[in-house]
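**Q**
2 protein chains.
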Amino acid sequence: MSSTIRDVAAAAGVHISTVSRAFSAPHLVSRETRDRVLEVAERLGYRPNPAARALITGRTHNLGLLVADLANPFFPPLIKAAAGCARERGYHVVVADTDEDPVVEEELVLALARQVDGILLCSPRMTNEAIGRLREEVPLVVVNRVVAGPPVVLMDLAAGVRAAFEHLTALGHRAVVLVTGPRGSWASGEIRRAATAAARSAGVDLTVLGPNPPTQEAGAAAAAGVLRTGATAVLAYNDLVAIGVIEGLVEAGADVPGRISVVGIDDIAPSRMISPGLTTVATPKAAAGRAAVDLLLERGGDGVTARLTLGTELVVRESTAPAPGRPLT
Amino acid sequence: MSSTIRDVAAAAGVHISTVSRAFSAPHLVSRETRDRVLEVAERLGYRPNPAARALITGRTHNLGLLVADLANPFFPPLIKAAAGCARERGYHVVVADTDEDPVVEEELVLALARQVDGILLCSPRMTNEAIGRLREEVPLVVVNRVVAGPPVVLMDLAAGVRAAFEHLTALGHRAVVLVTGPRGSWASGEIRRAATAAARSAGVDLTVLGPNPPTQEAGAAAAAGVLRTGATAVLAYNDLVAIGVIEGLVEAGADVPGRISVVGIDDIAPSRMISPGLTTVATPKAAAGRAAVDLLLERGGDGVTARLTLGTELVVRESTAPAPGRPLT
DNA sequence: ATGAAAGCGCTAACAA
DNA sequence: TTGTTAGCGCTTTCAT
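Put into structure tokens, the structure is as follows:
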């Protein structure tokens, strides 16, 4: 085993509490004592045992981060930013993948509860009620969902959807299909609400297809249904689905964007790489990760329910074009 | 605060050691006592404090997982598989991103050492010497690199590179450019060795361009140099670079695969989505993640240096075609 | 099968 | 400024 606080104390000729202070409250130790202790500690390769520390302080300096699916390119930038931000503040991040399963999600929160100082729930699939219950067990911050109680970090999907509709109507589209996401996804509901409102106010015909898993495969599978509606444009729950829709559409012989335009949401890395490049509502993934960590760590006034909404931005690429037969005026 | 072992003991009318046994050594407790204890614990919402447990047992039931860049699509499938596998065995995974920085990497290992039962070093950038040193501090398993000492999980890049060259020579290519990866990457060296050998034995002209950061941008930037060589095919360090190379090539007006063929390594998700679809050497990312966890957890005989090499497979898509002027015979 | 007692390595009052 | 003294919540001998 490695050396303990006692070894350092003995070697430095001080009491263990002095060693403890040298590390966790340096200002309470005289400069020379501290230097000596630190030097001895260094020499012995001593590092405070986090478990012992956690046991007594109640703080682990770990953060939990739950995502629905690590393989969804939406999450890595968020995780990366959160982990980086946490690290700057002396925290590590325990990442867990819930596989889109609300039950697993809840189990994981409980399992992590005593092991972390707080948990970031990203796009949770569990019920609001469950979130309320779990909030008693461990500080929570929710990303991508509106819940009463815990601090919430949102992305302005409604504005993004409106921008998408403005873009599409400017291109002459009058019939749009919305390919929704999974049941239990707050974002999917939000997108649907915004799309419905935007369609109505623009006098656009909106067909809603869903729920669908948030995957490329689901998007591809939805393409046939999209074509049947005769719509000239599609808004998808996210880029993965949008990419799948394009794939299915092209497969079915429908040119994108010639016959039909496709808009995604998220702006994940692949959206820049595919061709045609995907027009999409870019969401601030990294900013959300950082904000969530901030909220979790800096929550001075607990009672104050923070609700942070970050802006989104429409990125126009090549998957959208004027509606067929309606050249841009 | 939540209830402790003492609350449960009191409520169940037994000694705390009995409660402890009911959880961690059920066979040492009579069936009825155990049932009663468990029921009371359930009712009180008691869950053993992992820090207290770790302090005394020395096992945290946490695993560390270090990757060079979380945003590189190569890693998420590996992390997902590793986390899933770990979870099945009652372990959680602490994920950290080293930003391709050997110094950060080392710091992180040290910081996590006492906090986890072992660390997965994925594509580490630090020196072998550093790995040897850190191995004294915490059990290590290394993925994607040959090191003496710790168990190692490899992917058979050499076989993959050979397959790629066979594919290219069969298509009539006689001049190939290798766009290498970053300095310090074992994979990059391995690929280079294999490519050199394969080129020699096939009588193919090989130009090596590098080192390069493992990014799309670097690939795009390398395209000009690639064209200058007059080669008709490119093998890239990984798919990200390959996708960048295609982008740069197309940008420069060189048709892919008409004028020049491109082969990547990894088979990340975007490679299936782009067009032309990327021909690439698929690496077993999920399998590697699972194998690494297995090695870390099941290492009965420590002394035995395990070295596991997982197979790779060439996936032929649309980014490769017969060399110009040399139709396939 | 259960209880008693001794810590795991550390921090946090409280004294000195 | 430093030492003393209790534990944090749990596991693990050792008794019984």
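Same order as they appear, the protein sequences are chains A and B.
Heads up: the first sequence is residues 1 to 329, going by the numbering used here.
Heads up: the second sequence is residues 1001 to 1329, going by the numbering used here.
Glycine is no exception: its CB is placed at the ideal position from the N, C-alpha and C atoms.
Pull up the distance between the alpha-carbon of residue 1051 of chain B and that of residue 9 of chain A, whole angstroms please.
**A** Computed Cα separation, rounded: 23 Å.
**Q** Identify the residues that DSSP records as bridge partners of residue 1085 of chain B: which are they?
**A** Its beta-bridge partners do not exist; DSSP assigns none.
**Q** Please state whether DSSP places residue 35 of chain A in a helix, a strand or coil.
**A** Residue 35 of chain A: helix per DSSP, three-state reduction.
**Q** How about residue 1260 of chain B and residue 1222 of chain B: do their beta carbons lie closer than 9 Å?
**A** Not a contact, by the Cβ cut-off of 9 Å.
**Q** Please determine if the region 1078-1096 of chain B and the region 1180-1187 of chain B are in contact, where contact requires at least 3 C-beta pairs separated by less than 8 Å.
**A** Cβ pair count under 8 Å is below three, so no.
**Q** I believe residue 225 of chain A touches residue 206 of chain A by the beta-carbon criterion, under 8 Å. Please report the beta-carbon distance rounded to the nearest angstrom.
**A** At roughly 14 Å, the Cβ-Cβ gap does not stay under 8 Å, so residue 225 of chain A and residue 206 of chain A are not in contact.
**Q** Mind checking which residues open and close the alpha helix (DSSP H) that includes residue 243 of chain A?
**A** Where residue 243 of chain A is concerned, the enclosing alpha helix (DSSP H) stretches over 239-251.
**Q** Show which residues of chain B have a CB atom less than 9 Å away from the CB atom of residue 167 of chain A.
**A** The contacting residues do not exist; residue 167 of chain A stays about 22 Å from chain B at best.
**Q** Going residue by residue through the region 1205-1244 of chain B, where are the continuous beta strand (DSSP E) segments of at least 3 residues, counting only ones entirely within it?
**A** With a minimum length of 3 residues, the continuous beta strand (DSSP E) runs that stay inside the region 1205-1244 of chain B are 1205-1209, 1233-1236.
**Q** Using Cβ-Cβ distances below 8 Å, what residues of the region 262-275 of chain A are close to chain B?
**A** Against chain B - using a Cβ distance shorter than 8 Å - the residues of the region 262-275 of chain A are 269, 270, 273, 274, 275.
**Q** Determine, using beta-carbon pairs with one atom in the region 1073-1087 of chain B and one in the region 1286-1294 of chain B, whether at least three such pairs fall under 8 Å.
**A** Result yes; three or more Cβ-Cβ pairs closer than 8 Å.
**Q** Over what stretch of residues does the beta strand (DSSP E) that includes residue 1092 of chain B continue unbroken?
**A** Residue 1092 of chain B -> beta strand (DSSP E) spans 1092-1097.
**Q** What did DSSP end up calling residue 1002 of chain B once you bin it into helix, strand or coil?
**A** Here residue 1002 of chain B sits in coil by DSSP.
**Q** Tell me, which residues are paired with residue 264 of chain A by DSSP?
**A** Per DSSP, A:280.
**Q** Decide if the region 256-273 of chain A is in contact with the region 232-246 of chain A; the criterion is three or more beta carbon pairs, one per stretch, under 8 Å apart.
**A** The region 256-273 of chain A vs the region 232-246 of chain A: in contact.
**Q** Cα separation between residue 1158 of chain B and residue 269 of chain A?
**A** Cα to Cα, the separation comes out at about 29 Å.
**Q** Identify every residue that forms a DSSP beta bridge with residue 309 of chain A.
**A** Note: residue 309 of chain A sits in a beta bridge opposite A:154.
**Q** Which whole-angstrom value describes the C-beta separation of residue 1202 of chain B and residue 1125 of chain B, a residue pair presumed to lie in contact below a C-beta threshold of 8 Å?
**A** So it is not a contact: roughly 31 Å between Cβ atoms.
**Q** Name the chain B residues whose beta carbon is nearer than 9 Å to that of residue 89 of chain A?
**A** Residues of chain B passing the Cβ test: none, with the nearest at roughly 13 Å.
**Q** If you count every other CB in all the chains shown that lies within 10 Å of the CB of residue 146 of chain A, and 16 or more means buried, which is it?
**A** By the neighbour-count rule (16 or more Cβ atoms within 10 Å), residue 146 of chain A is not buried but exposed.
**Q** Whole angstroms is fine: what's the gap from residue 171 of chain A's alpha carbon to residue 199 of chain A's?
**A** Approximately 14 Å between the Cα atoms of the pair.
**Q** Anything in chain A within Cβ reach of residue 1256 of chain B, meaning under 8 Å, just list it in chain order.
**A** Within 8 Å Cβ-Cβ: nothing; residue 1256 of chain B doesn't reach chain A, min ~11 Å.
**Q** Give the interface partners of residue 1077 of chain B over in chain A, defined as CB-CB distance under 7 Å, in chain order.
**A** In chain order: 71.
**Q** Note down the Cα distance separating residue 1077 of chain B from residue 217 of chain A, rounded to an integer number of angstroms.
**A** The straight-line gap from Cα to Cα measures roughly 17 Å.
**Q** Taking Cβ-Cβ distances below 9 Å as the criterion, which residues of the region 1007-1036 of chain B are in contact with chain A?
**A** Listed in sequence order: no entries.
**Q** Look at the alpha carbon of residue 1026 of chain B and the alpha carbon of residue 1016 of chain B, and state the distance between them as a whole number of angstroms.
**A** Distance between the alpha carbons of residue 1026 of chain B and residue 1016 of chain B is about 14 Å.
**Q** Nearest-angstrom Cα distance between residue 1313 of chain B and residue 1267 of chain B?
**A** One C-alpha to the other measures close to 10 Å.
**Q** Within its chain, find whatever has a CB closer than 6 Å to the CB of residue 1211 of chain B; leave out the 5 residues flanking it on each side and keep chain order.
**A** So the list reads 1180, 1182, 1183, once near-sequence residues are dropped.
**Q** For residue 234 of chain A and chain B, any beta-carbon pair shorter than 9 Å?
**A** Answer no: the Cβ-Cβ gap between residue 234 of chain A and chain B never drops below 9 Å.
**Q** Please list the terminal residues of the continuous alpha helix (DSSP H) segment that includes residue 68 of chain A.
**A** Counting along the chain, residue 68 of chain A falls outside any alpha helix (DSSP H), and DSSP gives it neither H nor E.
**Q** Would you mind sorting residue 1247 of chain B into buried or exposed? The rule is 16 or more other CB atoms within 10 Å of its CB.
**A** Buried is the call here.
**Q** In angstroms with no decimal places, state the Cα-to-Cα distance between residue 1134 of chain B and residue 1100 of chain B.
**A** Rounded to whole angstroms, residue 1134 of chain B to residue 1100 of chain B spans 18 Å at the Cα level.
**Q** Scan the region 178-212 of chain A for residues whose Cβ lies nearer than 7 Å to a Cβ of chain B and list them as they occur along the chain.
**A** Those would be none; no residue qualifies.
**Q** From residue 6 of chain A to residue 21 of chain A, what does the alpha carbon distance come to, in whole angstroms?
**A** Each residue's Cα considered, the two are about 13 Å apart.
**Q** 9 Å is my cut-off, CB to CB: does residue 47 of chain A come that close to chain B?
**A** Interface residue, yes.
**Q** Report yes if the C-beta distance between residue 112 of chain A and residue 138 of chain A is below 9 Å; otherwise report no.
**A** A contact, by the Cβ cut-off of 9 Å.
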